[in-house]
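Novice: Structure incoming, see below.
4 protein chains.
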Amino acid sequence: MIFVLRPGSPRKEIEALTGQIESWGFTTFLSTGTEHTVVCLLGNTAVIDVDAVVQNNDIIEYGRRVTEPYKAVNRTVHPEDTIVNAGGIMIGPGMFQVIAGPCSVESEVQIIEVARSVQASGATLLRGGAFKPRTSPYSFMGLQEEGLRLLLRAKKETGLPVVTEIMNQTQLPLFEDIDVIQIGARNMQNFDLLREVGRFGRPVLLKRGLANTLEELLMSAEYIMSAGNSQVILCERGIRTFETATRNTLDISAIPLLKQKSHLPVIVDPSHASGLRGLVAPLARAAVAVGADGLMIEAHNDPAQALCDGAQSLDLGQFKNLMDELKRRVAFEGKKIGAA
Amino acid sequence: MIFVLRPGSPRKEIEALTGQIESWGFTTFLSTGTEHTVVCLLGNTAVIDVDAVVQNNDIIEYGRRVTEPYKAVNRTVHPEDTIVNAGGIMIGPGMFQVIAGPCSVESEVQIIEVARSVQASGATLLRGGAFKPRTSPYSFMGLQEEGLRLLLRAKKETGLPVVTEIMNQTQLPLFEDIDVIQIGARNMQNFDLLREVGRFGRPVLLKRGLANTLEELLMSAEYIMSAGNSQVILCERGIRTFETATRNTLDISAIPLLKQKSHLPVIVDPSHASGLRGLVAPLARAAVAVGADGLMIEAHNDPAQALCDGAQSLDLGQFKNLMDELKRRVAFEGKKIGAA
Amino acid sequence: MIFVLRPGSPRKEIEALTGQIESWGFTTFLSTGTEHTVVCLLGNTAVIDVDAVVQNNDIIEYGRRVTEPYKAVNRTVHPEDTIVNAGGIMIGPGMFQVIAGPCSVESEVQIIEVARSVQASGATLLRGGAFKPRTSPYSFMGLQEEGLRLLLRAKKETGLPVVTEIMNQTQLPLFEDIDVIQIGARNMQNFDLLREVGRFGRPVLLKRGLANTLEELLMSAEYIMSAGNSQVILCERGIRTFETATRNTLDISAIPLLKQKSHLPVIVDPSHASGLRGLVAPLARAAVAVGADGLMIEAHNDPAQALCDGAQSLDLGQFKNLMDELKRRVAFEGKKIGAA
Amino acid sequence: MIFVLRPGSPRKEIEALTGQIESWGFTTFLSTGTEHTVVCLLGNTAVIDVDAVVQNNDIIEYGRRVTEPYKAVNRTVHPEDTIVNAGGIMIGPGMFQVIAGPCSVESEVQIIEVARSVQASGATLLRGGAFKPRTSPYSFMGLQEEGLRLLLRAKKETGLPVVTEIMNQTQLPLFEDIDVIQIGARNMQNFDLLREVGRFGRPVLLKRGLANTLEELLMSAEYIMSAGNSQVILCERGIRTFETATRNTLDISAIPLLKQKSHLPVIVDPSHASGLRGLVAPLARAAVAVGADGLMIEAHNDPAQALCDGAQSLDLGQFKNLMDELKRRVAFEGKKIGAA
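Chains as they are written, first to last, in my numbering: chain A, 2 to 341; chain B, 2 to 341; chain C, 2 to 341; chain D, 2 to 341.
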């Protein structure tokens with residue numbers, strides 16, 4: 002349920018209204034746009050009489066129920082695009098950001114070399130896995146805490162904000178200095194983790210699960226937002242289908258659909274979607290054209306020796322060439338890459 | 002198996018070679034590039050000794066087995082992009098063609114109005130269903146032969162080449178004046194139809210089946226080519242997945258993958274892929290950027306009253322707006338829409 | 002729309018009623034149960050005033066609209082199980098029939114050896130492909146007309162009714178002596194073929210397509226029934242999913258669901274569903290227990306040398322062992338294998 | 002890699018061997034069969050020279066590499082069926098166990114009523130959710146710790162061992178008295194949870210994820226076993242496909258395939274697989290016949306008022322009827338329900 006307030010409603014009366022609603026047992030979420038402020042009620046609102054609330058509160062212009070199961074992430078509630086501040090890099094309207102880096106942080110030399118190179122090529126955030134979810138218990142699991150330390154070392158060297166994956170909520174204290182916390186595809190419906198990451202308050206990159214619908218992705222974002230964190234970036238990274246020519250099937254329609262239904266920014270991961278180095282560039286072109294807010298691309302100084310996902314990683318020269326091309330494409334769309 | 006011939010091999014010797022190979026029970030297929038002529042052998046070539054054939058024929062530079070099950074459609078056999086001549090409109094490298102029109106031909110007034118309008122907006126071919134495959138035996142099946150007649154009437158009025166779907170091989174005599182014969186998704190593995198359409202010799206637009214892999218799509222194209230018809234256009238139109246937000250899931254990766262594996266042109270049908278009018282424009286933008294050779298778009302003079310698929314049809318104004326935008330995007334890619 | 006008639010309504014009045022309805026432009030379909038006769042109207046019945054028809058016809062007890070898109074195949078219209086007479090072998094309630102034989106008819110010796118052996122083991126119908134749909138145009142396509150001839154030879158030798166696949170409607174005249182015409186998975190939505198086979202009037206075994214929903218399967222059966230042929234057997238043979246350990250995923254839930262929604266018999270093809278010889282027996286056991294009306298199993302005298310699908314074929318000894326076990330299981334279910 | 006030891010090898014020498022191998026940095030896992038003891042090495046064994054180890058250790062009969070990525074769960078390593086002791090109820094060969102109870106524990110009265118009733122009907126374990134993974138943050142999340150307390154109360158009343166789901170590893174201390182810890186479908190690849198549950202040492206019921214292959218399910222079981230816990234029950238509960246008539250598609254082939262590849266017991270959850278009360282009985286019949294080791298069924302005292310999943314829950318009378326039938330079916334298979 003939302004209540005759209007009259008323009009210029011005094012802050013004091015808004016607080017009185019939200020206080021009253023919270024006293025009934027609901028969480029409120031305030032969406033402040035350029036024209037209107039919207040009060041969104043989270044919880045089971047079936048018991049509320051919308052008209053009575055409107056009549057009893059002069060500052061309310063109108064109220065209405067949100068029929069979709071997702072409320073806070075719903076564009077109805079927040080018609081303007083959300084801008085996520087990822088360590089000073091803005092992800093949202095008018096911008097197109099590129100997150101690049103290796104699948105795993107492997108060594109200080111490696112992550113700093115890659116960070117410097119992708120920055121020089123135009124990437125605006127650095128990715129690198131420290132905790133790696135692996136299908137086999139015998140595979141390389143990442144450098145763990147040491148990986149986070151090296152990633153932050155690379156951040157210090159280059160100034161690039163960093164994105165890295167968390168695997169469970171007990172790791173949160175280690176993520177204090179991380180700019181964007183990634184929730185991986187396999188954890189998209191790890192609801193306790195979503196809630197804790199929501200409370201932690203750092204920007205979150207939420208990847209779509211391999212067999213999850215767009216509505217489920219939005220519901221998982223709702224977990225994070227309903228815990229008080231509106232800095233959520235959605236990421237389409239391919240779904241499981243019968244087709245085996247690619248590792249997954251990039252659901253390109255997801256980007257415009259998510260942007261119609263929600264105000265959150267949406268990025269694309271062509272590396273995991275295809276699993277094939279040779280498809281990264283064409284899928285990145287499609288992502289720019291279809292209206293994505295950015296890309297997440299695996300780039301490695303030596304893909305042939307990468308400890309994971311080498312087959313889908315670009316080498317640093319390939320990444321530079323792709324960025325040179327993407328800059329022209331992003332400009333064609335009237336957007337820019339970089340700090341706002 | 003292919004034999005690449007020395008540049009400048011005399012036609013007479015080439016004919017002697019293909020004659021000899023055919024006398025062994027194989028079909029041959031000649032691919033003439035700007036530098037090399039390639040003889041492709043179709044059939045079970047396991048019994049042939051490649052080296053012996055090379056040694057015994059001076060005009061052969063080298064021979065090798067094609068490991069993929071598709072031979073004639075394989076880019077190895079024919080490294081240059083194929084250009085399909087669709088009634089004077091070239092589909093292939095450097096070009097980007099837009100096939101537009103209603104799901105069904107409904108009346109002479111309708112098809113001519115739509116044809117004139119989409120032509121004015123920049124479409125280069127006209128689509129319109131006369132024989133409609135419908136899930137229910139009680140749905141509108143199209144105007145059948147009368148539909149073909151009206152489509153040809155619209156062609157005469159506008160000069161636009163026409164594309165329309167065939168449902169079984171007994172209808173072939175009715176398709177004499179049709180420029181491009183469409184094989185629908187549900188018939189992609191109707192092998193007898195593929196072979197007969199291959200023999201008929203008119204350009205074919207082959208749609209991917211809802212649950213067919215890219216390799217199966219190429220094998221179906223191989224049926225057409227091995228029957229003697231190399232004028233085949235592949236069409237990605239969405240596959241079936243668990244996602245229900247869209248009618249199907251557009252497999253955008255299919256376009257670059259098909260173009261890597263095959264020399265045939267590939268187009269995209271965003272209308273059927275999404276089933277949603279509001280996604281046609283973003284998916285069309287993605288198709289241009291990802292490297293497709295064209296689009297097939299449903300446009301109708303009155304979508305709300307359309308006898309089928311109204312929810313995914315653009316109206317004529319929406320189509321014009323989309324074309325205005327696509328022209329700029331196609332130019333950005335260094336391609337052109339129209340007669341070569 | 003259906004009209005349920007009063008018990009004992011005179012035939013003359015029933016004919017008058019159906020004549021009147023047909024004069025309005027609808028097809029009628031009469032379902033005669035042990036208690037009630039039901040008149041089913043096929044076509045777009047939205048324009049009919051049900052109450053008016055009931056009031057004007059004394060023999061009608063009540064009428065109501067059938068909300069599902071499938072009408073003639075709907076259990077509402079025909080509450081009793083349909084029995085298909087497959088060359089004297091009854092497929093339907095109380096019975097469990099086993100159709101067995103090779104993927105392809107390969108020679109007279111082969112098909113007669115297999116027929117005699119599977120008959121001795123307890124199979125009640127013989128299968129064998131003459132026209133084979135193959136993904137590759139270079140694969141063995143079956144012995145074609147000669148294959149049909151050999152299959153009928155085996156029928157003559159053993160008395161087993163025969164089931165074989167048709168690939169297009171021009172082949173129908175060749176199927177005069179075939180007991181059950183199979184429509185393969187790839188042709189499940191070849192609507193023209195469905196209609197022609199419906200008109201031809203021979204029992205039809207309709208296989209579910211690899212990506213077709215149960216509702217679509219019922220709609221395809223509706224094509225056949227609405228053309229006048231109610232002798233339709235549905236066949237679940239696995240669907241396409243992301244799982245690659247089996248060739249397809251047997252949708253075991255399909256059997257009870259189809260039997261709830263429709264009155265048509267349903268059989269299971271564990272050979273194609275799994276693609277693995279070692280799974281045929283367990284899946285056959287599940288099919289008996291879940292309530293299927295029969296099985297279709299590939300059995301071959303020499304699977305290692307089979308011209309197609311050897312990996313999923315049982316040899317004749319394995320088939321005998323399976324039948325010995327299935328007989329006990331069928332008896333446990335209170336059903337019998339064989340002529341009624 | 003496995004080393005199969007000579008029959009009668011002295012324990013002391015076995016310990017010397019495993020100590021030596023562990024000194025090289027590998028984990029060992031001992032599988033003691035009735036005839037042979039097998040030493041399984043976990044970790045990257047590519048560096049080991051199998052022949053050298055065999056030659057240097059007299060107690061080794063032979064050694065060989067396990068080619069599948071799963072080792073400890075592999076039937077090669079442990080040819081005999083594993084028996085899981087679930088609070089005194091044996092799950093494994095010769096037995097067929099039925100786990101029944103409500104989706105959620107709702108109150109003391111409810112869970113005790115259900116427990117007594119399903120026990121009287123023949124169920125051998127009690128299920129009931131305390132921590133519920135829900136797609137929406139606004140749905141009922143279960144009674145949490147209070148739910149566990151009530152479940153243990155019902156255990157005390159009836160003696161039935163209890164099965165309930167854990168959502169994250171911080172909850173483990175609360176699960177001390179739980180007999181079987183369930184890992185839900187959404188957590189099948191929550192690798193940190195798998196490892197911690199493995200270390201905790203209580204029997205684990207591991208549900209297959211909605212889009213996970215059988216190999217991935219086995220790899221997740223490998224996480225648990227490689228952490229030292231061999232008491233793992235696999236559970237097939239339906240996968241995501243394009244079919245919407247059922248909530249998920251029960252992959253019945255999974256049961257025999259898992260039992261071929263692994264020695265772990267496999268059960269079936271027909272309630273979640275179908276989402277339809279009317280399919281629970283037929284799917285349960287199929288599960289018995291196909292060779293499953295048990296069932297997990299939702300039963301509720303008042304499904305219409307259930308706080309979750311009412312549509313798929315049997316009422317207590319329906320459950321009794323089903324159990325009466327299943328007892329006959331289980332006896333037919335030569336198995337028994339109950340304490341061994």
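Glycine included, every Cβ here is placed at the ideal spot set by N, Cα and C.
The structure displayed is predicted, hence computed values, not measured ones.
Quick one: using the 10 Å Cβ neighbour count with 16 as the cut-off for buried, is LYS208 of chain D buried or exposed?
Specialist: With 16 or more other CB atoms across the displayed protein chains lying within 10 angstroms of its CB, LYS208 of chain D is buried.
Novice: With DSSP collapsed to three states, give me the class of ALA87 of chain C.
Specialist: Looking at ALA87 of chain C - three-state DSSP - the assignment turns out to be strand.
Novice: Round the Cβ separation of ILE184 of chain B and LEU173 of chain B to the nearest angstrom and send it over; I've been treating them as touching at under 8 Å.
Specialist: That pair is no contact at about 12 Å.
Novice: Need the endpoints of the beta strand (DSSP E) that ILE253 of chain C sits in, please.
Specialist: Neither: ILE253 of chain C is in no beta strand (DSSP E) and is coded neither H nor E.
Novice: Do the CB positions of LEU280 of chain B and LEU235 of chain A come within less than 8 Å of each other?
Specialist: no
Novice: Using a Cβ cut-off of 8 Å (strictly closer), state whether THR242 of chain A contacts chain C.
Specialist: Judged by the 8 Å Cβ criterion, THR242 of chain A is in contact with chain C.
Novice: Take every Cβ of the segment 74 to 89 of chain B, pair it with every Cβ of the segment 309 to 329 of chain B, and state whether three or more of those distances are shorter than 8 Å.
Specialist: no
Novice: State buried or exposed for SER108 of chain A, treating a residue as buried only when at least 16 other CB atoms are found within 10 Å of its CB.
Specialist: Residue burial is scored here from C-beta neighbours: SER108 of chain A has fewer than 16 other C-beta atoms within 10 angstroms and is therefore classed as exposed.
Novice: In chain D, what lies closer than 8 Å to ARG286 of chain C by C-beta?
Specialist: ALA290, VAL291, GLY292
Novice: Going by C-alpha distance, which of A:PHE4, A:GLU244, A:GLY129 is nearest ARG65 of chain A?
Specialist: A:PHE4
Novice: Taking the alpha carbon of ASP294 of chain A as the point to measure from, which residue in A:SER10, A:ASN86, A:GLN56, A:GLN98 has its own alpha carbon closest?
Specialist: A:GLN98
Novice: Ends of the alpha helix (DSSP H) at GLU217 of chain B?
Specialist: 215 to 227
Novice: Could you list the residues in the segment 211 to 237 of chain A with a C-beta less than 7 Å from some C-beta on chain D, going in chain order?
Specialist: LEU211, ALA212, GLU217, MET220, GLU223, TYR224, SER227
Novice: Taking the alpha carbon of HIS273 of chain C as the reference point, which residue from C:GLN170, C:GLU299, C:GLY292 has its own alpha carbon closest?
Specialist: For HIS273 of chain C, the nearest C-alpha among the options comes from C:GLU299.
Novice: Under DSSP, the beta strand (DSSP E) around ARG330 of chain B begins and ends at which residues?
Specialist: Careful: ARG330 of chain B lies outside any beta strand (DSSP E), inside the alpha helix (DSSP H) at 317 to 333.
Novice: Leaving out five residues before and five after SER1 of chain B in sequence, what residues of the same chain have Cβ atoms less than 6 Å from its Cβ?
Specialist: Residue 1 of chain B lies beyond the residue range present for chain B, which begins at 2 and ends at 341; the question has no answer from this structure.
Novice: Between LEU296 of chain C and chain D, is the shortest Cβ-Cβ distance under 8 Å, so that the two count as touching?
Specialist: no
Novice: With 8 Å set as the bound, which would you pick, yes or no: does the beta-carbon of LEU258 of chain A sit closer than that to a beta-carbon of chain B?
Specialist: yes
Novice: Going by the CB atoms, is the gap between HIS264 of chain C and GLU36 of chain C shorter than 8 Å?
Specialist: no
Novice: Check the C-beta distance from THR250 of chain B over to ASP252 of chain A and give it rounded, since I have them as a contact under 8 Å.
Specialist: 5 Å
Novice: Which residue's Cα is closest to the Cα of ALA101 of chain A: A:ALA222, A:ALA155, A:TYR139, A:GLN232?
Specialist: A:ALA155
Novice: In chain B, which residues lie less than 7 Å from PHE333 of chain A when you measure between Cβ atoms?
Specialist: PHE333
Novice: So the candidates are C:GLU197, C:LEU211, C:ARG278; which of them puts its Cα closest to the Cα of SER227 of chain C?
Specialist: That would be C:GLU197, whose Cα lies nearest to the Cα of SER227 of chain C.
Novice: For LEU218 of chain B and LEU43 of chain B, I'd like the C-alpha separation in whole angstroms.
Specialist: 18 Å
Novice: Taking the alpha-carbon positions, what's the GLU16 of chain D to ILE22 of chain D distance?
Specialist: Distance between the alpha carbons of GLU16 of chain D and ILE22 of chain D is about 10 Å.
Novice: Can you find a C-beta in chain D that's less than 8 Å from the C-beta of GLY1 of chain A?
Specialist: Past the edges of chain A, shown from 2 to 341, lies residue 1 of chain A, and the structure says nothing about it.
Novice: Closest by CA to THR33 of chain A, which one among A:ARG12, A:ASP50, A:SER24, A:ILE49?
Specialist: Checking every option, the nearest Cα to that of THR33 of chain A belongs to A:ARG12.
Novice: Checking 8 Å against the spacing of the C-beta atoms, do GLY130 of chain D and VAL106 of chain D come in under that value?
Specialist: Yes, they are a contact pair.
Novice: At which residues does the alpha helix (DSSP H) containing HIS273 of chain A begin and terminate?
Specialist: HIS273 of chain A -> alpha helix (DSSP H) spans 271 to 275.
Novice: Compute the Euclidean distance between the alpha carbons of GLU62 of chain A and ASP52 of chain A, then round it to the nearest angstrom.
Specialist: 11 Å
Novice: Is there a Cβ from chain A that is less than 8 Å from the Cβ of LEU144 of chain D?
Specialist: no
Novice: Given GLY88 of chain A, which residues of its chain have a CB within under 6 Å of its CB, disregarding the five upstream and five downstream residues?
Specialist: PRO162, ASP180
Novice: If you measure from the beta carbon of ALA186 of chain A to each beta carbon in chain B, is any gap under 8 Å?
Specialist: No - not a single Cβ of chain B is within 8 Å of the one on ALA186 of chain A.
Novice: Report yes if the CB atom of ILE49 of chain C is closer than 8 Å to the CB atom of MET2 of chain C, and no otherwise.
Specialist: yes
Novice: Can you name, in chain order, every residue of its own chain whose Cβ lies under 6 Å from the Cβ of HIS79 of chain B, other than the five neighbours on each side?
Specialist: SER32, HIS264
Novice: Shorter than 8 Å from the beta carbon of LEU327 of chain B to some beta carbon of chain A?
Specialist: no
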